[in-house]
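K.L.:
First the structure, which I've put down as structure tokens, then a few questions once you've had a look.
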Amino acid sequence: MSDTVLLDAYGIAKSFGAVHALTNARLRVRAGEVVALMGANGAGKSTFIKIITGALKPGSGQVLIRGEEVRVGNPAQARKSGLVPVYQEPSLIPDLDVTDNLRLGDTPKESFMKWVEELGITDLNMSDTIGELPLATLRILDLARALASEPDVLLLDEMTAALPADLVERVLKVVRQQANEGMGVIYVSHRFNEILELCDTASVLRDGETVGDLTIEAGVEERAVELMLGQKIELGERKITTDLRAHSGNPRVKVRNLAIAPKVTGIDFDLYPGEVLGVVALEGQGQDELFDILAGFYPATSGLIEVNGKSMSFKHPADAIAAGLTLVPGNRADALLAQRSVRENIALPFSVRLPTWGALKLRHERERVQFAIDKLQIDTRAEGEVQRLSGGNQQKVTIGRWLATGVETLLLFDPTRGIDVRTKRQIYPLVRELAAKGASVLFYTSELDEVSLACDRAIVIFNGQIVDVIDAKDADEQTLMRAAYGLTSREGVA
Amino acid sequence: ADAHKSYTIGISNTVQGNGWREQMICAMRAQALVEGDVGNIIVAHRNTDSAGQLEDLNNLIEAGVDAIVLNPSNPDALNSALEAAMAQDIVVVAVDAGVTAEGAYILSNNQEEYAYLGARWLFEQVGGSGDIVYMRGIAGVSADTDRDNGFKRALAEFPDINVVHEVFTGWQQDQGKQQMFDFLATGIPFDGVWTSGIDNVIVDAFVESGAPLVPIVGADNAGFVQYLTEVNGLVGAAVTNPGSVGGAGIALAVDILNGEAPANTTVLVDPVLWENGTDAGRATIMAAQNPNLDPEWPVSVTVPGWTDYTMEQIIACEGPGGS
Amino acid sequence: MSLASADSMMVRVGRYLKDNPVVPLLLFLFLLIALLEIMRPGIVTPYRASRDGIVSMFWVGNLIKFAIPLAMLAACQVLTMLTAGIDLSAGIVATVAAFVCATLSSIWGVAPATIIALLTGLLVGLVNGFGVGIVRVHPLIMTLGTGLITTGCLQVYQRLVINAGSEIPAFLAWLGTGRTLGLPNGLFLFMPFAVFILWLMRFTGFGRLLFALGSNEKATKLSGVRAWQVYLALYALSGLIAALAGLLYLGMIRQTSLSLANPLLLPSVAAAVIGGTSIFGGRGSFAGAVVGALIIRVLDTMLTLMQMPEGARTALFGAIILAVTAIYVRLTDTR
Amino acid sequence: MSDVIRKNAWVAGLVALLAVLLVVTKLIQPTFGVSGLESIARAALPFAFATAGMAVVVIVGGIDLSVASMMAVCAVAAAVLMERMAGVPALLIVLALGLVMGFLNGALIVLTRVPDIVVTLAMLFVWEGVALLILETPGGAASDWLEQSIRGSFLVPGIPNALVVTIICVAVVWLPIRRSKLGLSIYATGSDELAAFRSGVAIGPTKILAYSLCGVLCAFGGLSLAALTGIGEPVPGPYLLASVAAVVLGGVVLGGGRGSLLGPLIAVYILRIIRTILTLLAFDPNVTTIIEGVIMVGVVMLGTAAMMRGAQQ
Ligand SMILES: Nc1ncnc2c1ncn2[C@@H]1O[C@H](COP(=O)(O)OP(=O)(O)OP(=O)(O)O)[C@@H](O)[C@H]1O
Ligand SMILES: Nc1ncnc2c1ncn2[C@@H]1O[C@H](COP(=O)(O)OP(=O)(O)OP(=O)(O)O)[C@@H](O)[C@H]1O
Ligand SMILES: [Mg+2]
Ligand SMILES: [Mg+2]
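Residue numbers (the working numbering), protein chains in the order written: chain W, 1 to 494; chain A, 495 to 817; chain R, 818 to 1152; chain F, 1153 to 1465.
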């Protein structure tokens, strides 16, 4: 790490109407340094990054690049000044192919291809249309594009949130290596293990204000959380102790020989009432398809799905919901009515069926919605439009909808994506509570420690098949990781 | 004529959904049916501009018609297609308005005269001086321009006549009625109304708002003609503008095909004015009116001396060849 | 995040207007009316004695009268726009309903004619709903296409009834031309209608689904909604409303024509968007559309009464529509 | 290779349909030949330009309801100018006029932040008014060479001049831009405005550019109206709805980002030939209207169904 200050931003403030997203934020990055930008959901991290890189009009404040004051009007200017961001949402053009996307931003193609390979994507076709690629690939392409333009400062906003463990490893390795060669990096993540592994220092935002800087060292978590939240919380691990054999009786969901061409070749498992069944897999092993089928997006190629002993074939999510299976998708943009209120979002399932198209039962609705809001402690200060909530609170709304409606089987696809520690600690007990009341939960997670925090056991999918079933008490990250790579002796069990 | 001849006649018209033009098309069909030598007609009848009419004319030429009878959207715009048609010995007859293509026959209602006749009657009716409301058709359309010329000619003869409101109805009933309501609401008095065929709704506007009626000039549309006999206190005049001129066009085209071309290529059908203030006028109106007819249709369903079909035939609106 | 302690006046006014989008529109409407009064003193204010001695607010009554069918057609646009759709067949459906009603009345009597006219609208609406909801054709194309098809059918039908004459049902004429206490009787139809639409949009499950589909169709499906059912019902309703508006218009104009209500189509779209309805779905207000319709009518009057070339009149109409929406967007969008 | 076919399946289908329709025409009317093709190509001229202009703004994610009005302005301007001055300067002035009108449309959309459909709906009236102010009644006179340039088939033997002119004009306006970064920006903006902004695309200027291109293409459309009729008519023709229909038939997705100008242009010819066929068959014109509507809805329905099935596989 040298002493050259690459980026110095201070006094940054930004308001959206009445909501002051940032009041006084600052950040300093030296050459060769990886700075973690930390903060709870809604603290203003994304907004901060957007302002530095010209994606949002600045409210007030100064940005110095290599000691010189600059006015960054748009992302293109930021790139010219050496600031290259990877935003929280994919920023490639969905209808253009990879080549045209590169041409659009004048990204050198060879260098881009080099980074793509380095980051672990081997099967990229340059004439693929972006909109047809999976989310994880898009994140990697975003990063490769950023790296290819040889930035002075790289700004990564929850870059890894949608990535499976193997790709996360690659990303961390590459970023560290670049930092060692003199690049400055700003790294936003809610995952402590990543921050511990990658970052040198941390800057903590709370309610739009920078409240402290930390040097990253072992045991810094407690302090970071205290700064982020303004209060202490218990971080101690809470191991699940449920006994698998306790699930007597018939499974609620029974899946046999499920195949979905071409990704899934044969999946068998049982999901019992009262059980939280984890799903662990690297990117693209067929878990997306499994959840899509169970949620009723399209029928499987072959195989059997039984719910409460009855064989099912879903043609529409409505069929799945009628059978008690409801999905909380990984991408919350797929679940939320962005311009509508929190209340309407939560109450949406109340009026889906024809007989409920008439007058609303407002009292009943208000009670159920309030129940969900209280249960999840949703911050409703900006409840008029869900898009104004911070990411974490948006995520809570997607779950709260089914809490208010009542579910039998909940399909959670990576529900803690981009969610801060505190909220995560609220979501796990909630999942357990649902299970305790008799619900079944299928819980895909990209954060391996969540298996031991929330699940009874986990199935590991590799190459479209179940390669292992692991009890929560044995589910340390190493075991899960080995299994996820298909390095296991045991064969798939029902 | 040789009874075994079987002509195909192409018809082109660029305004659809207006009673006058629908009557014109029906008259064409009916006349083609009663002409013994017409075997088939092809009707291109839609809402379009001059470029679209050129397309239709060219398609008719492609279809190999023997004659084209058209209601031209513009006198000058269609020459290329009309000249091409005549070069292939296709007889061209323009009805309702003229065309400038050399050699084309024109059988036209005299639009300038139509406006002049009604306007002069109106100006005389108000005693040669007073304020007039002038309700036109569609800005920028040939027929409206011709009528405006006639109106201006009459205006020039009556220096004491003053136009207080001039407005385009777009030949739409609802717009005309609304505009008249607005004029009445201003409280600015006026002495007479000249309309370009949107007429009975104007009478309605007076009646519904309780304003005293003033002399109104309209066309011989079934609805207005009925009002001239029925509405108490209405002094008005209908100027004939028969849509059946289309039927006359077919008759002329067949004559020419049979080698009986008239000496002059231009034949003007002059309008007649029926006023309800005189006994003679009243008698004509009583004889002409037909309450069962589509109210937008002109009541003069035939052009004497030209058309041969019966009332039933034009109403049936069937032509030869099933069209 | 902290809440503002002392917001500037502008921000507060902006927020108020954003929460009550009808207010700036109403202000603008009154401004226009004031302008009209200055232009033609006496047009708005005085009461006018009609022939039978009844005192009536003549111009205001007319303004409301002619705004009603426009507002009803605007309802078609607002409702469909909520789902990011549009109903371009509304104008022709209204025309057909009026034409069918008037011509059939003289053949089969008033009641069957009215019912058949409404059913015609429903039918076209169902076809639209089928295309949009089940075959997934873009609403713009679907309603444009059915509009064309309906026009053709109307022309064919018209040929069958040239000699049937026409009859304007008395109750429609009463609704369309009559006045009670100076106000048009059309309000007897429109008031319940408006209450129904407002209720539908705000307090029913169906209304919720319209907003939901317009903001995120995928999320709505994920919640178990079968979207085609909603689209089918929506466009059928829109067709029915258009037909109803056509019947009222028939009573107002008291004359049939093959293009009677067609000129109302573009203004109905304009009224909806002036009223703050987003063509991208998820946002819309019927109250706004009603004020939008009134604004368009006042503009009509102003331009009719202004002495200027027709070209200038047309251009001015467009310019004012644009100015109103631009100012409105500025005022209500506080970003 | 299969990729290329898959991405252009829609256009390929349209070409096949066009070929079938030409054969059908020939079967119905054995005398149908060069002159028939010429008249179709001529009739297609204003539709082709309106559609090309519309396609560009639809690709950028907008829509321009004022195309027909802009064409009317350009037609009357051409007729008035050409009566008074040499043809070429007049032609350049008209093209510049189209550019300015399109630019204004785009600038108003960007500056006022009012949605495209609303701005251009208002501008539809404005340009219609302007046309009437330029020429109150039909009149003026187009240059002789302009009228001749779209007749016959002397430019490329065997191919109607009108078709050659259409291809050249659209190509001159669109091709240099299409494969350039500007062209990519247009697609990017239509595809995802936010992502485009973050990828460094200047959204506002890109939109203005697209609308300006539309304006220029409408100017060509107006010139073709003047060339066809020899005069200028201030009343807008039926080009708005027809161009929207052709754009969608041509595989350009309303909402932006996808499609090309080729598909819509072929769709224009398909629609024109259908009208020719219906005339040749002496169909009742009222039925013709119904058939045109059914074809429009039907083709889009079939296409949508085919695409949905393709997406499921
Ligand atoms: N367009 C907007 N209008 C109003 N408020 C907004 C808007 N965008 C963001 N906010 C508010 O600003 C605050 C900060 O949001 P920001 O996205 O910067 O936080 P964050 O730290 O990135 O959160 P997360 O960890 O969930 O991503 C939030 O409370 C949010 O509700
Ligand atoms: N370039 C832009 N132009 C206009 N609006 C923008 C732009 N960038 C962001 N916004 C708006 O700012 C708001 C906040 O965005 P932001 O990315 O900070 O969300 P967030 O709270 O961080 O959520 P999450 O953490 O889930 O990403 C959104 O409503 C978005 O529409
Ligand atoms: Mg964030
Ligand atoms: Mg955020």
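Quick reminder that beta carbons are idealized off the backbone N, C-alpha and C, glycines included. What you are looking at is a predicted structure, and each value in this text was computed from that prediction instead of being measured.
#1: Using only the alpha-carbon positions, how far apart do W:A9 and W:D420 sit?
#2: Please compile the residues from chain W whose C-beta is within a distance smaller than 9 Å of the C-beta of R:G950.
#3: Of all the options F:S1412, F:I1425 and F:G1402, which has the alpha carbon lying nearest to the alpha carbon of F:A1419?
#4: Taking its Cβ as the centre, do 16 or more other Cβ atoms sit within 10 Å of F:W1297, making it buried, or is it exposed?
#5: Verify whether the separation of the beta carbon atoms of A:G644 and A:Y610 is less than 8 Å.
#6: Using the three-state DSSP reduction, which class does F:T1177 fall into: helix, strand or coil?
#7: Judging by CA-CA distance, which residue of F:L1361, F:V1446, F:V1266 and F:A1195 is the nearest neighbour of R:I1144?
#8: By how many angstroms is the C-alpha of R:V973 removed from the C-alpha of A:P789?
#9: On the CB-based measure, 16 or more other CB atoms within 10 Å of its CB, does A:G622 come out buried or exposed?
#10: Exposed or buried, which one is F:S1332 when buried takes at least 16 other CB atoms within 10 Å?
#11: Can you find a CB in chain A that lies within less than 8 Å of the CB of R:T1073?
#12: Is the Cβ of R:R1147 closer than 8 Å to any Cβ of chain W?
#13: Indicate whether at least one CB of chain F lies closer than 8 Å to the CB of A:I692.
#14: Should F:P1309 be labelled buried (16 or more other beta-carbon atoms within 10 Å of its own) or exposed?
#15: Tell me the rounded alpha-carbon separation between R:F758 and R:M1119.
#16: Residues of chain B with CB under 9 Å from F:A1348, in chain order?
#17: What's the C-alpha gap between A:V695 and R:R857?
#18: For the segment 741 to 797 of chain A, which segments carrying the alpha helix (DSSP H) assignment without a break, of at least 4 residues, lie completely within its bounds, in sequence order?
#19: Where does R:T997 land, buried or exposed, given buried means 16+ other C-beta within 10 angstroms?
#20: Taking the alpha carbon of R:V1141 as the reference point, which residue from R:L842, R:P838 and R:T1121 has its own alpha carbon closest?
#21: My output table needs one value for A:A713: the three-state DSSP class, helix, strand or coil.
#22: Of all the beta strand (DSSP E) runs that stay within the bounds of the segment 1261 to 1315 of chain F, which reach a length of 3 or more residues?
#23: How about W:V29 and W:G184: do their beta carbons lie closer than 8 Å?
#24: Decide if the segment 1269 to 1289 of chain F is in contact with the segment 1385 to 1401 of chain F; the criterion is three or more beta carbon pairs, one per stretch, under 8 Å apart.
#25: Cβ of A:L751 within 8 Å of Cβ of A:V587?
#26: When the cut-off is 8 Å and only beta carbons count, does W:S351 lie next to chain R?
#27: Given a cut-off of 8 Å on the beta-carbon distance, is the pair A:I730 and A:D685 in contact?
#28: Is it buried or exposed for A:D583, if we count other Cβ within 10 angstroms and need 16 for buried?
#29: For F:G1165 and W:P75, what's the separation of their Cα atoms in angstroms?
#30: Note down, in chain order, every chain F residue with its Cβ under 7 Å from the Cβ of A:T639.
#31: If you measure between the beta carbons of R:S1032 and W:L337, is that distance less than 8 Å?
#32: For W:S495, is the classification buried or exposed, using 16 other Cβ atoms within 10 angstroms of its Cβ as the cut-off for buried?
#33: Please report the straight-line C-alpha distance between W:G230 and F:I1355, rounded to a whole angstrom.
#34: For the segment 1023 to 1043 of chain R, list every residue whose C-beta sits within 8 Å of some C-beta in chain W, in sequence order.
#35: Who are W:Q62's beta bridge partners in DSSP?
#36: With 8 Å as the threshold, decide whether the Cβ of A:E549 is near any Cβ in chain F.
P.N.:
Put simply:
#1: Here residue 9 of chain W is taken as the residue at index 9 of the first sequence, counted from 1. Here residue 420 of chain W is taken as the residue at index 420 of the first sequence, counted from 1. Going by the C-alpha atoms only, they are around 24 Å apart.
#2: Translated into positions along the third sequence, residue 950 of chain R becomes position 133. The premise fails here: R:G950 is roughly 13 Å from chain W at the closest Cβ pair, so nothing lies under 9 Å.
#3: Residue mapping note: residue 1419 of chain F aligns to position 267 of the fourth sequence, counting from 1. The residue with the shortest Cα to Cα distance from F:A1419 is F:G1402.
#4: Position 145 of the fourth sequence holds residue 1297 of chain F. Exposed: under 16 other Cβ atoms inside 10 Å.
#5: Numbered from 1 along the second sequence, position 150 holds the residue referred to as residue 644 of chain A. Numbered from 1 along the second sequence, position 116 holds the residue referred to as residue 610 of chain A. In this structure, A:G644 sits near A:Y610, with a CB-CB distance shorter than 8 Å.
#6: Counting from 1 along the fourth sequence, the entry for residue 1177 of chain F is found at position 25. When DSSP states are grouped into helix, strand and coil, F:T1177 belongs to the helix group.
#7: Counting from 1 along the third sequence, the entry for residue 1144 of chain R is found at position 327. If you compare the alpha carbons of F:L1361, F:V1446, F:V1266 and F:A1195 with that of R:I1144, the shortest gap goes to F:V1266.
#8: Position 295 of the second sequence, counted from the start, is the residue given in the question as residue 789 of chain A. Position 156 of the third sequence, counted from the start, is the residue given in the question as residue 973 of chain R. C-alpha separation (whole angstroms): 17 Å.
#9: Indexing the second sequence from 1 puts residue 622 of chain A at position 128. The residue is exposed, with fewer than 16 neighbouring Cβ atoms inside 10 Å.
#10: Within the fourth sequence, numbered from 1, the residue matching residue 1332 of chain F stands at position 180. So F:S1332 counts as exposed.
#11: Walking along the third sequence from the start, residue 1073 of chain R turns up at place 256. Yes, R:T1073 counts as interfacial toward chain A.
#12: Indexing the third sequence from 1 puts residue 1147 of chain R at position 330. Output row for R:R1147: interface = no.
#13: As a working note, residue 692 of chain A is residue 198 in the second sequence. No, because no Cβ of chain F sits closer than 8 Å to the Cβ of A:I692.
#14: To locate residue 1309 of chain F, count along the fourth sequence from 1; it is residue 157. It counts as exposed.
#15: Shown here, chain R extends from 818 to 1152; a query on residue 758 of chain R therefore has no answer.
#16: Here the protein chains are W, A, R and F, and chain B is not one of them.
#17: Working through the second sequence from its first residue, we reach residue 695 of chain A at position 201. Working through the third sequence from its first residue, we reach residue 857 of chain R at position 40. Roughly 24 Å separates the two Cα atoms.
#18: Runs found: 773 to 782.
#19: What you label residue 997 of chain R is simply residue 180 of the third sequence in a count that begins at 1. By the Cβ-count criterion, R:T997 is exposed, with fewer than 16 other Cβ atoms from all chains shown falling within 10 Å of its own Cβ.
#20: Here residue 1141 of chain R refers to the residue found at position 324 when the third sequence is read from its first residue. Nearest in C-alpha terms to R:V1141, of all of R:L842, R:P838 and R:T1121, is R:L842.
#21: Residue numbering aside, residue 713 of chain A sits at position 219 when the second sequence is read from its first letter. Correct three-state label for A:A713: strand.
#22: Counting only runs of 3 or more, we get nothing.
#23: Translated into positions along the first sequence, residue 29 of chain W becomes position 29. Translated into positions along the first sequence, residue 184 of chain W becomes position 184. For W:V29 and W:G184, yes; Cβs fall inside 8 Å.
#24: Taking a cut-off of 8 Å on C-beta distances, the segment 1269 to 1289 of chain F touches the segment 1385 to 1401 of chain F, as three or more cross pairs fall below it.
#25: For the purposes of this step, residue 751 of chain A is taken as residue 257 along the second sequence, with counting starting at 1. For the purposes of this step, residue 587 of chain A is taken as residue 93 along the second sequence, with counting starting at 1. The criterion of a C-beta distance shorter than 8 Å is not satisfied by A:L751 and A:V587.
#26: On the first sequence, residue 351 of chain W is found 351 positions in, with the first residue counted as 1. Flagged as an interface residue toward chain R: W:S351, by a C-beta distance shorter than 8 Å.
#27: Here residue 730 of chain A refers to the residue found at position 236 when the second sequence is read from its first residue. Here residue 685 of chain A refers to the residue found at position 191 when the second sequence is read from its first residue. Sequence inspection shows Gly at residue 730 of chain A; the Ile mentioned does not correspond to that position. With a cutoff of 8 Å on beta-carbon distance, A:G730 and A:D685 are scored as not near each other.
#28: As a first step, residue 583 of chain A must be located in the second sequence, where it is residue number 89. Classification of A:D583: exposed, given that the 10 Å Cβ count is below 16.
#29: The residue labelled residue 1165 of chain F in the question sits at position 13 within the fourth sequence. The residue labelled residue 75 of chain W in the question sits at position 75 within the first sequence. Roughly 41 Å separates the two Cα atoms.
#30: As a first step, residue 639 of chain A is located in the second sequence; it is residue number 145 there, counting from the start. In chain order: T1289.
#31: Along the third sequence, one-based indexing puts residue 1032 of chain R at 215. Along the first sequence, one-based indexing puts residue 337 of chain W at 337. Yes, the pair counts as a contact, with Cβ atoms nearer than the cut-off.
#32: Residue 495 of chain W falls outside the range modelled here, since chain W spans only 1 to 494, and no answer is possible.
#33: Here residue 230 of chain W refers to the residue found at position 230 when the first sequence is read from its first residue. Here residue 1355 of chain F refers to the residue found at position 203 when the fourth sequence is read from its first residue. Roughly 41 Å between the two C-alpha positions.
#34: Answer set for the segment 1023 to 1043 of chain R: F1023, R1025, L1026, F1028, A1029, S1032, N1033, K1035, A1036, T1037, K1038, L1039, S1040, G1041, V1042 and R1043.
#35: The residue labelled residue 62 of chain W in the question sits at position 62 within the first sequence. In the DSSP assignment, W:Q62 forms a beta bridge with W:Y10.
#36: One-based indexing of the second sequence puts residue 549 of chain A at position 55. Answer yes: the Cβ-Cβ gap between A:E549 and chain F drops below 8 Å somewhere.
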